[in-house]
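Read through the structure below, which is laid out as structure tokens, and then see the notes.
Residue numbers (our numbering): 30 to 362.
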């Protein structure tokens with residue numbers, strides 16, 4: 030019979046090719062997608078009927094830039110507090126400017142990625158402690174609520190706009206707001222790493238311990254590097270630069286050792302793997318060598334470039350990893 034003959038053909042095709050194709054095979058309107066399975070990026074086994082097992086991130090360039098700007102601004106607030114404690118007025122003032130500018134730019138970058146300001150405001154309507162996205166939006170909001178008023182109060186005090194008791198009030202208010210921005214700034218610099226690690230994307234959640242440390246250290250080193258490039262060549266900043274570059278070097282070595290086979294191969298293979306290595310080398314060993322050679326401006330530029338490249342690299346690795354079914358399956362074993 031023709032139907033039996035057709036069925037035999039389909040069985041033979043399935044044995045030879047692993048899939049069957051042709052008229053009458055796909056069920057229109059059925060629960061199984063009509064799209065045929067496609068190979069994984071490495072040429073391995075297919076996903077679920079051509080769809081990724083894990084949905085890849087759809088973030089565009091605004092998000093890695095936000096990660097960079099937010100980390101730099103958050104740790105600049107920490108340095109501003111250090112300067113305040115040790116009576117480094119000029120350093121405190123410049124670092125507070127950086128923190129406030131970053132606090133303004135960060136939500137703008139988020140809104141650009143979301144497309145509409147209302148979507149960002151909706152994240153602030155309800156606080157969801159179990160949602161890293163909701164917690165992060167509130168951390169950024171509170172950080173901005175401290176950093177920007179801190180800058181205003183500090184500038185009014187420095188320029189002696191008011192006198193007497195009100196000027197003393199401004200000085201105290203600036204100090205308290207700088208303390209608040211430093212506290213929340215540490216979370217702004219690190220929560221983005223927690224956000225990535227809380228997903229189901231293998232390249233991210235397998236390194237959920239490393240990512241917050243890496244993002245925090247990258248933010249600290251970036252803030253110190255920018256302040257040095259702006260003319261603040263003092264020993265404490267140099268020490269922070271050495272600390273950040275040394276820690277980034279150690280994290281790079283850790284990443285090279287802590288491998289998970291197919292599960293996180295996006296960090297070593299393809300273009301994303303190359304980007305990861307470039308970012309880590311620029312902010313780690315290269316910046317460290319340049320500091321040892323007393324080439325501080327070059328070390329600062331190298332670290333800043335490395336920190337920025339690294340943010341783009343981790344996003345790229347997440348996209349590659351999410352589209353790799355073998356990585357997803359291997360990470361569950």
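For glycine and all other residues, C-beta sits at the position ideal for the given N, C-alpha and C.
Same chain, Cβ closer than 6 Å to residue 296, five either side skipped, listed in chain order: Start at 1 with the first residue of the chain shown, and residue 296 comes out as number 267. Answer for residue 296: 232, 302, 305, 346, listed in chain order.
Please determine, among 82, 106, 39, the residue with the shortest C-alpha to C-alpha distance to residue 252. Here residue 252 corresponds to residue number 223 of the chain shown, with the count starting at 1. The shortest C-alpha separation from residue 252 is found at 106.
Is the beta carbon of residue 179 less than 7 Å from the beta carbon of residue 206? Here residue 179 refers to the residue found at position 150 of the chain shown. Here residue 206 refers to the residue found at position 177 of the chain shown. In this structure, the beta-carbon distance from residue 179 to residue 206 falls below 7 Å.
Runs of alpha helix (DSSP H) wholly within the stretch 223-259 (minimum 4 residues, chain order): The alpha helix (DSSP H) runs lying completely inside the stretch 223-259 and spanning 4 residues or more are 231-234, 239-258, given in chain order.
First through last residue of the alpha helix (DSSP H) which encompasses residue 164: Along the chain shown, read from residue 1 onward, the residue named residue 164 stands at position 135. First-last of the alpha helix (DSSP H) with residue 164: 161-187.
Kindly indicate the opening and closing residues of the alpha helix (DSSP H) around residue 306. As a first step, residue 306 is located in the chain shown; it is residue number 277 there, counting from the start. DSSP places residue 306 inside the alpha helix (DSSP H), whose first and last residues are 299-310.
For residue 322, which of helix, strand or coil comes out of DSSP? Residue numbering aside, residue 322 sits at position 293 when the chain shown is read from its first letter. Coil, per DSSP.
Taking one C-beta from the stretch 213-221 and one from the stretch 197-205 each time, how about it: are there three or more such pairs within less than 8 Å? With a cut-off of 8 Å on Cβ pairs, the stretch 213-221 is not in contact with the stretch 197-205, counting fewer than three such pairs.
Please name the residue, chosen from 95, 185, 361, that lies closest to residue 248 on a Cα-to-Cα basis. As a working mapping, residue 248 is identified with position 219 in the chain shown. With distances taken between Cα atoms, residue 248 lies closest to 95.
Between 329, 348, 290, which has its C-alpha nearest residue 363's C-alpha? A question about residue 363 goes unanswered here, because the residues of the chain that appear run from 30 up to 362.
Beta-carbon proximity list for residue 44, same chain, < 6 Å, skipping 5 on both sides: For the purposes of this step, residue 44 is identified with residue 15 of the chain shown, where counting begins at 1. Excluding positions up to five away in sequence, the list is empty.
First and last residue of the alpha helix (DSSP H) that includes residue 315? On the chain shown, position 286 is the one that residue 315 refers to. Per DSSP, residue 315 is not a residue of any alpha helix (DSSP H), being assigned neither H nor E.
From residue 255 to residue 147, what does the alpha carbon distance come to, in whole angstroms? As a first step, residue 255 must be located in the chain shown, where it is residue number 226. As a first step, residue 147 must be located in the chain shown, where it is residue number 118. About 33 Å.
The stretch 337-344 touching the stretch 86-102, judged by at least three CB pairs closer than 8 Å: Counting Cβ pairs under 8 Å, three or more are found: they touch.
If you drop the 5 nearest sequence neighbours on each side, which residues of the same chain put their C-beta closer than 7 Å to that of residue 182? Your numbering for residue 182 matches position 153 in the chain shown. If we look at residue 182 and ignore the five residues flanking it on each side, its Cβ neighbours are 199, 202, 203, 206.
Coarse secondary structure for residue 68, derived from DSSP in three states: As a working note, residue 68 is residue 39 in the chain shown. Interpretation of residue 68 is limited by its pLDDT of 46, a score under 50 that renders its predicted location unreliable; the figure taken from the coordinates is listed afterwards. Three-state DSSP puts residue 68 in coil, outside helix and strand.
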